[in-house]
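Sequence lines, in order, name chains A and B.
Those letters in the first sequence? Residues 1 to 256, by this note's numbering.
Those letters in the second sequence? Residues 1 to 256, by this note's numbering.
Glycine residues also receive a C-beta, built at the ideal position from the N, C-alpha and C atoms.
All values reported here derive from a predicted model rather than from experimental measurement.
Protein chains: 2
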Amino acid sequence: MLKTEFSASIELSEREVACNNCNVFQLCLPIGIGKADLKLLDKIVKRHRPIKRGGYLFHSGDPFLFIYAVKSGSIKTYTSIGGETQQVIGFQLPGEMLGLDAIDTGVHQCSAKALEMSSVCEIPFHRLEELGDIVSSVQYQLMRLMSKQILHDNMLQVLLCKKTAEERLAAFLVSLSTRFKERGFSAIEYNMSMSRYDIANYLGLAVETISRLFSRFQEEGLITERKKHIRLRDLNQLQIMAGIPATVPNASVQSR
Amino acid sequence: MLKTEFSASIELSEREVACNNCNVFQLCLPIGIGKADLKLLDKIVKRHRPIKRGGYLFHSGDPFLFIYAVKSGSIKTYTSIGGETQQVIGFQLPGEMLGLDAIDTGVHQCSAKALEMSSVCEIPFHRLEELGDIVSSVQYQLMRLMSKQILHDNMLQVLLCKKTAEERLAAFLVSLSTRFKERGFSAIEYNMSMSRYDIANYLGLAVETISRLFSRFQEEGLITERKKHIRLRDLNQLQIMAGIPATVPNASVQSR
DNA sequence: CGAATCCTTGAACACCTTCAACAGGGGTGG
DNA sequence: CCACCCCTGTTGAAGGTGTTCAAGGATTCG
C-alpha cells in the first residue's frame, strides 16, 4: 500500500486522497502547515466513507470527538427546539468545517445531516495534541476558522435583524455563489441541494414567502431555475439587493 | 478645559490587579493554566486605564492587535452598515472577551463602545506565542471561548428566526440575569447599562416595541424598573416566556 | 403506481413597524 | 444656577410585510 504523492488516483480512491491532494486543500484546516507536518496530520485524519442523502454525521447530544471537514457534497446543521420545530443553523459546502460549536461543552449541540451524497473527513479533536510541534499552527488555523465562523454569524445577525425577505434571499443566493466560486465552481450556476423548507427555516421566513420570492425573481429575469439547478442571470443586481457594496476593492482586508 | 481629562479618581489598585486576583478570573482566559504559567501570561497582559461611558475600545477597520477582556463595566459591539444604520452585535459583561471575530481577517469588524465607566484588559494576540509551553493551553482556552461564542450566536439565530418580540425581550432579560449570576451578582436585580435603542437594535425590533413591552411587563408584575435598575419579580415566568425548559435537568441531553 | 413530501398560489389575518406627538432628564452653555 | 436642547423614552393610531390557513399541483422514491 503506497501513500500516493500523485494526484493521479483521484477517481478511484477519492476518499483515500491525502490532504495535499484534496481539492479543497486550500480552504481547509491544513493551510499554512509545512509538508513534513502535514504528513503527521494526514495520519490522524480519517476519511469517512461517503454518506447518503439524509444520513447523519452526528446528532445533537452526541459526545464531541471529531471535527468534520466536508470534502464533497453538502451538509445541513440544525438544532431541535421544543420538540417538533427545528432551526437550521447552516449549510456546509466542501472545504467547510462542522462541529466547532461543541468544543466548549464537549457535546454536539446540533445535528448534521447530508443533503446529498457527501464525503467528509473526520479529525479526532483530542489527538490534535499528538501533533507535537505543529499543534500550535494547527490550533492557530482552527482559531482562524472559528473566527471566520463568528464573523459569518455576525453577518447573519445583521441579515436577520435588518433585511427584508427579498434581501435575505438575494443575500443567500449571492453567498452560495461566492462560496462556490471560491471552490472553483461557477459563480452563476450551481445546484441547490437544500429544500425550500430548509432555506426558509434558515432565513427566518415561511416557506410560502420563499416560494413566492423564487417565482418573482424568475419573473423579473434575475434567475432561472430548473429542478435543483439555479442560474443567476443578474448576479450584479442580486448583490445590490443583498446590500453588498458593488465591487468592493477589498484592499486592506488581509491577515498576513 | 483640563476638566475633561479628569478621570483618575478610580483606585489605582483595581487596574493593577493580577489575573489570579481578578474577580472574574474563573470566567476569563486563564482558566486551567498553572500558577507558574499564569505569571508569564500576567506579564504580557496590559491593564487598560478605565474607559469612560461612550469611549471606544477600538473601531471597525482598526488593525487587530489585542484581544480584550472586560474587568468591570459593560461594552457594546456593533457594526455600521450602509452609512447611517448600525447593528448591535452584542453586549460584553465582566469576564467576557472582545475581538475574537478579527483573528481571521486581522482587522476589527466591529466597533466597541463603553456603555458605562469600564475597565478592560488588553492581551496582545501575537505575543501569545511567546508563552512557550503554555501556548497550547492558552490557545485551547481561547478555542473554548470562541466555541462558546459560536454556540451563543446559534442561540441568537434561533431567537431572531423563531421568537416573537415578547419572547425575545424575556430571553434577553433572562440572559442578563444568568450572566450576572455567574459573576456573583444578583440574578433578579441588576443595572441595565444599555439604552432601549440598543436593546431594540440587538433584538431586531423597533424601539417602540421594546418600550411597550417594558410597560406591559411592568403592568403584569413581571418586572419593576426605576431608572436603569431593573428587578425581575417573576424570573420563572420570564424563563418560561423565553422558552427555556423549566429547571433543566441538564444531565442527559439525549438526541432522540 | 401510489404515497409522501415538496412546492406553488391565493386570501385573510396578525404582529410589528412606521409615523406622530409629547414627556422626562441629563448635560452644556449662558 | 437655571434654561435650553438634544437624546431617550413613552404612548397612540395607521399601515405594511410576512404569516397563517387552505387547497391544489408537482416530484420523488419505494
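Item	Value
The alpha helix (DSSP H) enclosing A/Asn-23, as first and last residue numbers	First-last for A/Asn-23: undefined, no H or E at that position.
Selection of the stretch 141 to 158 of chain A by Cβ proximity to chain B, strictly under 8 Å	Leu-142, Met-143, Arg-144, Leu-145, Met-146, Ser-147, Lys-148, Gln-149, Ile-150, Leu-151, Asp-153, Asn-154, Leu-156, Gln-157 and Val-158
A/His-229 versus A/Leu-57: straight-line alpha-carbon distance, rounded	25 Å
Any C-beta of chain B under 8 Å from that of A/Gln-237	no
B/Thr-77, buried or exposed, once every other Cβ within 10 Å from all chains shown has been counted against 16	buried
Chain B within 8 Å of A/Asp-101, Cβ atoms only	yes
Residues from the stretch 190 to 204 of chain A in contact with chain B, defined by Cβ distance under 9 Å	Asn-201, Tyr-202, Leu-203 and Gly-204
Proximity test, Cβ basis, 8 Å: B/Gly-32 and chain A	no
Straight-line Cα distance separating A/Leu-38 from A/Thr-209	47 Å
Rounded separation between A/Phe-25 and A/Ile-33 - CA only	11 Å
Contacting positions in the stretch 79 to 95 of chain B - beta carbon closer than 8 Å to chain A	Thr-79, Ile-81, Gly-82, Thr-85, Gln-87 and Ile-89
Residue from B/Ser-118, B/Val-138 and B/Ser-119 whose Cα sits closest to the Cα of B/Arg-127	B/Val-138
Closer than 9 Å at the beta carbon, the chain A residues around B/Cys-161	Gln-87, Val-88, Leu-160, Asn-201, Tyr-202, Leu-203, Gly-204 and Leu-205
Residues that A/Gly-55 contacts on chain B, provided the C-beta gap is smaller than 9 Å	Per Cβ cutoff of 9 Å: no residues; A/Gly-55 is ~15 Å from chain B at best.
Limits of the alpha helix (DSSP H) - the one that B/Val-207 falls within	207 to 219
CB contact flag (A/Gln-87, A/Val-70, <8 Å)	no
The stretch 39 to 54 of chain B in contact with the stretch 113 to 123 of chain B per 3-pair CB rule at 8 Å	yes
Coil, strand or helix - A/Glu-84 by DSSP	coil
Continuous beta strand (DSSP E) assignments of at least 3 residues falling wholly in the stretch 31 to 106 of chain A	56 to 58, 66 to 72, 75 to 80 and 86 to 92
Alpha helix (DSSP H) segments (min. 4 residues) lying fully within the stretch 128 to 166 of chain A	135 to 162
Closer than 8 Å to chain A by CB, B/Gly-73	no
Cross-chain neighbours of A/Asp-104 in chain B, by beta carbon under 7 Å	Arg-144, Ser-147, Lys-148 and Leu-151
Chain-ordered neighbours of B/Gln-109 on chain A, where CB pairs are closer than 8 Å	Leu-151 and Asn-154
Minimum Cβ-Cβ distance from B/Gln-139 to chain A less than 8 Å	yes
Cβ of B/Ser-136 within 8 Å of any chain A Cβ	yes
Beta-carbon proximity check, B/Glu-166 vs B/Met-241, cutoff 8 Å	yes
Chain A within 8 Å of B/Gly-221, Cβ atoms only	no
Contact the stretch 94 to 113 of chain B vs the stretch 147 to 154 of chain A: 3+ CB pairs below 8 Å	yes
Test item: CB-CB of A/Ala-187 and A/Ser-177 under 8 Å	yes
Which of helix, strand or coil DSSP assigns to A/Leu-173	helix
Where B/Gly-257 meets chain A, residues with beta-carbon distance less than 9 Å	Residue 257 of chain B lies beyond the range of chain B shown here (1 to 256); nothing can be said about it.
Option in B/Ser-72, B/Gly-55 and B/Asp-62 with minimal Cα separation from B/Leu-27	B/Ser-72
Beta-bridge pairing of A/Gln-121 - partner residues as DSSP gives them	In the sequence on display, residue 121 of chain A carries Cys and not Gln. Its beta-bridge partners are A/Arg-47 and A/Ala-69.
CB of A/Ile-223 within 8 Å of CB of A/Arg-212, strictly	no
For A/Leu-156 and B/Leu-156, the rounded distance between their alpha carbons	10 Å
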